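Chains as they are written, first to last, in the numbering used here: chain Y, 18 to 265; chain E, 2 to 346.
From the three backbone atoms N, C-alpha and C, an ideal C-beta is built for every residue, glycine too.
Computed from a prediction, not measured in an experiment: that's the story for all the values here.
This is the structure we're talking about:
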């Protein structure tokens, strides 16, 4: 049996998630024993459109992105959204809160008319997505686990538990107990609590757990001395894209 | 039980001797502003004047994550169970955590004894130590302050000297490594006085006897306290992950990247996490956070009391300290007692 063929694509993003794949240095040879990589702009020149699984990074922010994304969907048996930008529009969606023209002016100044840009959306607003690897950037082990799951026909891990679970199991000092506001209690885990482990609070890059108690979390952050504006920033840095917007 | 006395200045050399003699000696050490149990490389690292560790010492009997089986995939499938243990000493264990280990011993030897836990337990020496409560401690409401079993030796700080309660053969062997003298009635009297004084230090208290909670809970399945707590609960699971008597776990098979072999791994899990009661058919039989809080409370104060006649909360205060929204079992218990009182009036 020939090996499954996988390909990588990107839209509006920093390509840091794809870099995480390349960072799997110790595992790359084992990975290549399982799959053939046929398109990966960050790592190779060849670009073959005959593939089974497409890993797509980045948000959809321009009209011309849509036909390209649809072409990927048609070519692939499975499409996996990788990273916060692709799965939930992530940081890109912050600009949806202001008129596009104003956002362009802030970013490009007097060259703003040279760039096309619209509403930032996750890729599942345009095509059907078969799985998500969350995070900014994605976790390397999570990527490898997802590939393994797909190869044996299992559902990829969805990590629908809070960052606190892995944080406590690592026996980190809870940042909330030492007065540092943290989004860990309502943010999806699977990252092995990498931020709190090194002393920085979780800011929600993997999205919210499906049963996030946002109201109580807001009150909790307020008790930690955050203003409504601060809390709003915490809640929206990665998680501002609302599901309803998908139909907008 | 034999009671002896050692000079306080000798405690350090006692620990140093243990480190020399045993493959692994664990004790409380500082981590940031907190304390964790960790391997002692040097006797000076131990911080005995601590209130509570982040995770309980149960982690040396039932690690957060452990491989319980190694397997090979077809065409030559093979499976072999894995039990890893070594002779270990856990030093500086507080009475609440000693009681918790005693409760776990009961559970792990129930219907289907847990080999991994029991092997480790059999190779463990527990050296207990007395403590001073803070505002989150409430062991005085749920257990006897005097620690009489569950340890090998127990140390009580009497000032310049340390009273050593020697309970087991393992304890006798351990204490023989250092010079001690038989305790006198003065020493024992001092210990009694200290326990009396300790009782007065608790600010968090149950308003009724914990043993009565199984009865008090009758008719309170729909009490407003569950929904109130459910509204606050973030379902972060910290309360159950730091609990010294919780023992729930999840088991997953982790394939090596070669896809030819793998490990069966068990990892701590807990009933306050939203997905804990999520089953294969797609239903979650404790969907509401309030129902989960209620379940946890009944696990601590009713179900196990009915089956084992023991309260499964030791009042260590870890869940309270870690709860981001300050849910605590003292408040819940007192509301349970209160509503009963109102009904009677």
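Query raised in the report: Cβ of residue 50 of chain Y less than 9 angstroms from any chain E Cβ?
Result: yes
Requested in this report: Return the chain-ordered ranges of every alpha helix (DSSP H) run that is complete within the region 38-91 of chain Y and spans a minimum of 4 residues.
Outcome: 45-51
Report task. For residue 132 of chain Y, count neighbouring C-beta atoms within 10 Å of its own C-beta (all shown protein chains included) and say buried if the count is 16 or more, exposed if not. Result -> exposed
Query - C-alpha gap between residue 290 of chain E and residue 167 of chain E, whole angstroms - result: 45 angstroms
**Report entry** Backbone CA spacing between residue 68 of chain E and residue 61 of chain E [nearest angstrom]
**Finding:** 14 angstroms
Query raised in the report: Touching or not, the region 310-324 of chain E and the region 234-253 of chain E, by the rule of three or more beta carbon pairs under 8 angstroms?
Result: yes
Report task. Indicate the three-state DSSP secondary structure (helix, strand or coil) for residue 154 of chain Y in the structure shown. Result -> coil
Requested in this report: Let me know the beta strand (DSSP E) ranges lying completely inside the region 104-150 of chain E, each 3 residues or longer, listed in chain order.
Outcome: 125-130
Requested in this report: Select from the region 228-256 of chain Y all residues with a C-beta closer than 7 angstroms to any C-beta belonging to chain E, and list them in chain order.
Outcome: 228, 230, 233, 234 and 237
**Report entry** residue 265 of chain Y at chain E interface by Cβ criterion, 9 angstroms
**Finding:** Interpretation of residue 265 of chain Y is limited by its pLDDT of 39, a score under 50 that renders its predicted location unreliable; no figure is taken from the coordinates.
Report task. Please state whether DSSP places residue 253 of chain E in a helix, a strand or coil. Result -> strand
Query - Element boundaries [beta strand (DSSP E), containing residue 98 of chain Y] - result: 95-99
Query raised in the report: How far does the beta strand (DSSP E) with residue 27 of chain E in it reach, from first residue to last?
Result: 25-32
Query raised in the report: Can you check whether the CB of residue 156 of chain Y is closer than 9 angstroms to the CB of residue 69 of chain Y?
Result: no
Query raised in the report: When the Cα atoms are used, what is the spatial distance from residue 127 of chain Y to residue 120 of chain Y?
Result: 12 angstroms
Query - Sheet register partners of residue 67 of chain E (DSSP bridge) - result: E/267
Query raised in the report: At a cut-off of 8 angstroms, is residue 81 of chain E close to the ligand GTP when judged by its beta-carbon and the heavy atoms of the ligand?
Result: Absent from the structure shown: the ligand GTP. Ligands present: none.
**Report entry** Residue(s) in a DSSP beta bridge with residue 179 of chain Y
**Finding:** Y/205
Query raised in the report: Does residue 234 of chain E have its Cβ less than 9 angstroms from a Cβ in chain Y?
Result: yes
Requested in this report: Could you tell me which residues DSSP pairs with residue 3 of chain E in its beta bridges?
Outcome: E/167
Query raised in the report: Can you list, in chain order, the residues of its chain whose CB lies under 7 angstroms from that of residue 271 of chain E, leaving out five sequence neighbours each side?
Result: 238, 241, 242, 247, 249 and 277
Query - residue 243 of chain E in three-state terms, based on DSSP - result: coil
Query raised in the report: Helix or strand or just coil, what does DSSP make of residue 243 of chain Y?
Result: coil
Query - Option nearest residue 7 of chain E by Cα separation, candidates E/188, E/283, E/252 and E/335 - result: E/188
Query - Residues of the region 173-197 of chain Y whose Cβ lies closer than 7 angstroms to any Cβ of chain E, in chain order - result: 177, 178, 179, 181, 182, 185, 186, 188, 190, 191, 193, 194 and 195
Requested in this report: Look at the alpha carbon of residue 288 of chain E and the alpha carbon of residue 146 of chain Y, and state the distance between them as a whole number of angstroms.
Outcome: 27 angstroms
Query raised in the report: Hey, does residue 326 of chain E have any beta-carbon neighbour from chain Y nearer than 9 angstroms?
Result: yes
Requested in this report: Report the option in Y/26, Y/253, Y/48 and Y/66 whose CA atom is closest to the CA atom of residue 59 of chain Y.
Outcome: Y/26
Report task. Starting from the Cα of residue 77 of chain E, find the closest Cα among E/261, E/158, E/302 and E/128 and give me that residue. Result -> E/261
Query - Partners in chain Y for residue 260 of chain E, counting only beta-carbon separations shorter than 8 angstroms - result: 51, 165, 168 and 169
Query raised in the report: With burial defined as no fewer than 16 other Cβ atoms inside 10 Å of the residue's Cβ, what is the status of residue 306 of chain E: buried or exposed?
Result: buried
Query raised in the report: Between the region 199-227 of chain Y and chain E, which residues of the former have a C-beta closer than 8 angstroms to a C-beta of the latter?
Result: 201, 202, 203, 226 and 227
Query raised in the report: So the alpha helix (DSSP H) residue 292 of chain E belongs to, where does it begin and stop?
Result: 290-299
Report task. Have a look at residue 139 of chain Y and residue 116 of chain Y and give me their C-alpha separation to the nearest angstrom. Result -> 18 angstroms
Query raised in the report: Applying the criterion that 16 or more other CB atoms from any shown protein chain within 10 Å of the CB defines a buried residue, is residue 43 of chain E buried or exposed?
Result: exposed
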